[in-house]
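The sequence shown lines up with residues -24 to -1, 1 to 786 when you count with mature numbering (1 follows the signal peptide of the UniProt record, and there is no 0).
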Amino acid sequence: MASSANSFLLFISIFFVIFTVSFAARHHADPHTISTPNLNVNGNHNYSIVCDETKFLQLGVEMKTLGYCDKSLSYQVRAKDLVDRMTLREKVQQLGNTAPGVPRLGLPKYEWWSEALHGVSHVGPGVFFDESVPGATSFPTVILSTAAFNETLWKKIGEAVSTEGRAMYNLGHAGLTYWSPVINVVRDPRWGRTTETPGEDPYVVGVFAKDYVRGLQDVEGTENVTDLNSRPLKVSSCCKHFAAYDVDQWMSVDRFHFDAEVRDQDMKETFLKPFEMCVKEGDVSSVMCSYNRVNKIPACADVELLKNTIRGKWNLHGYIVSDCDSIDVMVTGHKWLGDTLEEASAQVMIAGMDLDCGWSYDRSLANAVHQGKVSEKTLDESLINLFVVLMRLGFFDDTTQFAYLGKSDICSEEHIELATDAARQGIVLLKNNATLPLSPSKYKKFALVGPHANATVDMIGNYAGIPCRYTSPLKAFQDIEDIEVTYAEGCDVLCQNDTFIFKAMQAAKSADVTILFVGTNLSIEAEGRDRVDLLLPGYQKQLVDQVSLASRGPVILVVLSAGGVDINFAKGIENIRGVIWAGQPGEQGGKAIADVIFGKYNPGGRLPVTWHQADYVDQLPLTSMPLRPIRALGYPGRTYKFFNGPVVYPFGYGLSYTTFTYSLAGSTTQATVNINQSQYQHCRNLPYSSDSLNPKPNCPALNIDDLKCDETFDYQVNVKNTGDRDGSEIVIVYSKPPAGIKDTHIKQVVGFDRVFVRAGETQVVKFTLNVCKSLGLFDETGYHVLPQGMHIITAGDGQVPYQVNVRFSN
């Protein structure tokens, strides 16, 4: 029987479909004819590309006279030729997400808005499902995939998603431009979009962004071409939301009015770092600017953020797009400068925003040009950025590289197994009192109880498509031979009614073992919905207490949530013998959970966010942006980097069915790195504690921008499996700054690796770390500096410390 929460989410899914279709209608687009294909329902490919000689003959035009179809020219030259042939009205019409094309020039309509956060999504008018393409593989949400700390996995997921996206494009069911991934750092545990993100560490978020974007975009053999503006794309990816975006709807504050007051130190250290890695290392082809203001200026109108940073300092090869209706939000929400729609459209275009998700450009940009608020040349530059991306995707030219992809490449068994494995790799074992894994030969009668025991929709989170098929926890257990399964929901996710908890207690009383599924869903934490507390919803705590007390056998608590939940009370219940966090594990989440519980898979995931105690949210508002503690207000620090108080579970926590020990691989426990300081490299001051045992150096730090930063050092760890089961260990490496420096991070992630080690064997894990990237910090004025002194490198929870002495020499 489906829970009321599942029914609610089904309603939400239907609403999204209706919304995206109506949105497309408002933009004069038929969502069933996304771009150009003439395809039959059997899925045969019959491409209609821009530069099709037959099509131009029908228009009475010789294609060889058209510069934009001349393959001997660069994409920039071709794109400029096309733009130069357009009228002002035609140009403006192509600058919205639903571009109608220019029929007289052979340019077809194109819908830019498709989504692929953890599988091809039905959010946005660029994708639709029907009888011929009924679904796509739904991978775990990003927060759980991140918990695997496996770069290879992240890229493989991107490759699978882009394969399905390209196949759906071939079948006329999707576009080629996907506005994913979300790479905002989880600054506060209440943020509703935690499920969409790679967690709270900027470096980890940036690495995930780089790997997933590479998986989506890279065409084999062309990853390192010299001219990145000509690099072919499998599909186009977009990193969002830029920048300092992590408040949706909290109390009376919403993202359409919020002004993020951010110090330059936090901006560079936390909020910009993942995006810089996405652009520089991932070579992403799009960035989306966010709704909020940053220090009074709307993000989409900030010249420093867009034109000077994304396109200037980082050298974006692609386009910048607004979050949907951001220009209208500037006018009606922020009321920034009292701008009219024409003035706001001109402001964002001058700032560097190329594409408008919405209709504001279409309604106002031509008038803005006529009024002299923005030049037509600026429009031309944006259009060139857009058309170059479409050319890199093969939208203009006859390319057959991906023509073979079709229906058989969507929901393939290989992709479904990858989704299952991603969930298995991400699942985190939080507690195990010598009970897990369970043996079907020992336990015969199972009670599956709780609001998520038969979860389906709740497993796939938001920005999801229609899954290939669901395997709920209940179905996964029912498919296991020789065990008997009893199911009792107890209550739904909101758990406002405790009437049926008694039935769950009865089921537990008659079972050999009880698997208790609790947690949150999109009605608790989602886009547009921040959390107000960190507790289990409603009567769920009562459900846990009473079922644990009634259970005849051991209880295994499984938490399905995006962010952390304060389950300290459950940690102390003796009969709860094991605790598992399964995030939102995707369409095959039930199978992955069962595989872990029965030992078919040895869990190795680690938490990518800190699980705070419930009273954390009472100590500071969600809207306070600083990461460091604000002592004058009594506010604690944020994330593991700046918070050192008690927690439920720390960042990076996770257990295994085996045990591992670390030791340094090598005879030395320290290294010295000499940095040559020229007479033109001036020392930067850093504040030191007055009670520090380490004296303040004469030259505390140097500006990293003044250094070559090519020095590296190696950190090698022996990882020995000292248990009796094979397993994977995630080695997370941290750096700690020299002792005594005030107001800096406690530690920061500088590397990680997931390594498989057989029982009794040892693997050597080597990290080659760049001195500036791994040991640098941002001072209070926003300078990126390298401190002189003794830095400490550790693995895991302070294990195998390695000293790196940075010395400046003339």
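For each residue, glycine too, the CB sits at the ideal point set by N, CA and C.
The structure presented is a predicted model; accordingly, all values stated were derived computationally and were not measured.
Mark LEU359 as exposed unless 16 or more other C-beta atoms lie within 10 angstroms of its C-beta, in which case mark it buried. buried
ILE296 lies in the alpha helix (DSSP H); which residues open and close that run? Element bounds for ILE296: not the alpha helix (DSSP H) but the beta strand (DSSP E), 295 to 298.
Determine, using beta carbons only, whether ARG553 and ASN409 come nearer to each other than 8 Å. yes
In the stretch 173 to 201, which residue ranges form an unbroken beta strand (DSSP E) of at least 3 residues, counting only runs that do not cross its ends? none
Measure the C-alpha to C-alpha separation of THR30 and LEU292 and round it to an integer number of angstroms. 35 Å
Excluding the 5 residues preceding and the 5 following PHE728 in the sequence, name in chain order all residues of the same chain whose CB lies nearer than 6 Å to its CB. PHE125, ILE708
8 Å contact criterion, which VAL345 and LEU355 should meet: CB distance rounded: 7 Å
Beta carbon of GLN589, beta carbon of ALA641: below 8 Å? no
Do you know how far the Cα of VAL137 is from the Cα of ALA5? Residue placement at ALA5 is poorly supported in this model, since its pLDDT is 34, which falls under 50; the coordinates still yield a value, given next. Straight-line Cα distance between these residues: approximately 25 Å.
Short of 6 Å in beta carbon distance, which residues of its chain neighbour LYS56, apart from the five on each side in sequence? Order them along the chain. ILE360
In whole angstroms, what separates the C-alpha of THR462 from that of PHE636? 37 Å
Under 8 Å: do the stretch 563 to 572 and the stretch 397 to 407 share three or more Cβ pairs, one atom per stretch? yes
In this structure, does DSSP put ARG605 in helix, strand or coil? Here the sequence assigns Pro to residue 605, which means Arg is not the residue at that position. Here PRO605 sits in coil by DSSP.
Near GLY772, what residues of its chain come up, given a Cβ to Cβ distance below 8 Å and the 5 sequence neighbours on each side ignored? GLY628, TYR638, VAL707, ILE708
Could you check whether the stretch 582 to 596 touches the stretch 487 to 503, counting it as contact only if at least three pairs of C-beta atoms, one from each stretch, sit closer than 8 Å? no
Just to confirm my understanding: we take ILE532, look at its own chain, exclude 5 residues before and 5 after, and list those with CB closer than 8 Å. What are they? THR411, LEU412, LEU414, VAL489, THR490, ILE491, LEU492, ILE552, ARG553, GLY554, VAL555, ILE556, ILE573
If distances are taken between C-alpha atoms only, which option among VAL279, ARG783, SER537 comes closest to GLU501? SER537
For ALA410, the three-state DSSP class (helix, strand or coil): coil
Mapping DSSP to helix, strand and coil, what is LEU(-16)? Only weak support exists for where LEU(-16) lies, its pLDDT of 40 falling under 50; the value from the coordinates is given anyway. It is helical.
State the Cα-Cα distance for the pair ASP203 and LEU745, rounded to the nearest angstrom. 28 Å
Along the alpha helix (DSSP H) that carries MET481, what are the first and last residues, could you check? 477 to 485
Which of helix, strand or coil DSSP assigns to VAL260: coil
For ALA236 and VAL270, the rounded distance between their alpha carbons: 5 Å
Rounded to a whole number of angstroms, what is the C-alpha to C-alpha distance between LEU510 and PRO626? 15 Å
In whole angstroms, what separates the C-alpha of HIS3 from that of VAL68? Summary for HIS3: the model assigns pLDDT 35, below 50, so the residue's position carries little reliability, and this model does not support an answer.
Kindly indicate the opening and closing residues of the beta strand (DSSP E) around GLY463. In the sequence as presented, Gly is not what sits at residue 463; that position holds Tyr. Element bounds for TYR463: 460 to 464.
Expressed to the nearest angstrom, what Euclidean distance is found between the alpha-carbon atoms of ILE326 and ASP315? 14 Å
Beta-carbon proximity list for LYS718, same chain, < 6 Å, skipping 5 on both sides: PRO663, SER665
Alpha carbon to alpha carbon, what distance is there between ASN268 and PHE232? 6 Å
Leaving out five residues before and five after TRP312 in sequence, what residues of the same chain have Cβ atoms less than 6 Å from its Cβ? PRO274, MET306
For PHE619, collect the residues of the same chain with a Cβ closer than 6 Å to its Cβ; drop the 5 residues on either side in sequence, then sort them by chain order. PRO612, GLY613
Who are the near neighbours of ALA647 in its chain, counting only those whose CB is closer than 6 Å to its CB and skipping five residues on each side? PHE689, VAL780
From the DSSP output, in three-state form, read off GLU503 for me. coil
Since ARG701 and THR634 are thought to touch, with beta carbons under 8 Å apart, how far apart are those beta carbons, to the nearest angstrom? 4 Å
Among PHE732, LYS353, VAL523, SER48, the one whose alpha carbon lies nearest that of GLU705: PHE732
When the Cβ atoms of the stretch 215 to 231 are set against those of the stretch 155 to 165, are three or more pairs found closer than 8 Å? yes
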